[in-house]
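Peer 1:
In the numbering used here, the protein residues as written are 9 to 132.
1) For residue 121 and residue 32, I'd like the C-alpha separation in whole angstroms.
2) Just the Cα atoms here: how many angstroms apart are residue 99 and residue 114?
3) For residue 83, collect the residues of the same chain with a Cβ closer than 7 Å to its Cβ; drop the 5 residues on either side in sequence, then sort them by chain order.
4) Within its chain, find whatever has a CB closer than 6 Å to the CB of residue 119; leave out the 5 residues flanking it on each side and keep chain order.
5) How long is the line joining the alpha carbons of residue 64 and residue 110, rounded to whole angstroms?
6) Is residue 96 helix, strand or coil when you go by DSSP?
7) Skipping 5 residues on each side, what residues in its chain have a beta carbon closer than 8 Å to that of residue 90?
8) The beta strand (DSSP E) spanning residue 39 covers which residue range?
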């Protein structure tokens, strides 16, 4: 299962950032394209395993799934595909292999909490 090695890399990157900024990470946000070759459910499961025993234990992995978007040369515009099996414009049927989105696998944000702060923001 390659999702476990991906999850371990995500955890390593997040831990490095948490240490550098001296913060606690509550959630890691990830964009995951349908053509990335990664199964979201397997990655979520693997993330929990990879976090076990680390400062990220109890944090969440928030996945935003990115649809397959291609450029149609006939319509001269970007179109979202409804199927991974048919790389044809959903409107005119023209074949296309010009993928704009759908291959993503990227950490886009971290939800963090300041480790040094003992009181909530705004309290005296």
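Here a beta-carbon is modelled for each residue, glycine too, at the ideal position from N, C-alpha and C.
Peer 2: Short version:
1) 5 Å
2) 30 Å
3) 97, 99 and 100
4) 34 and 35
5) 28 Å
6) strand
7) 98
8) 31-41
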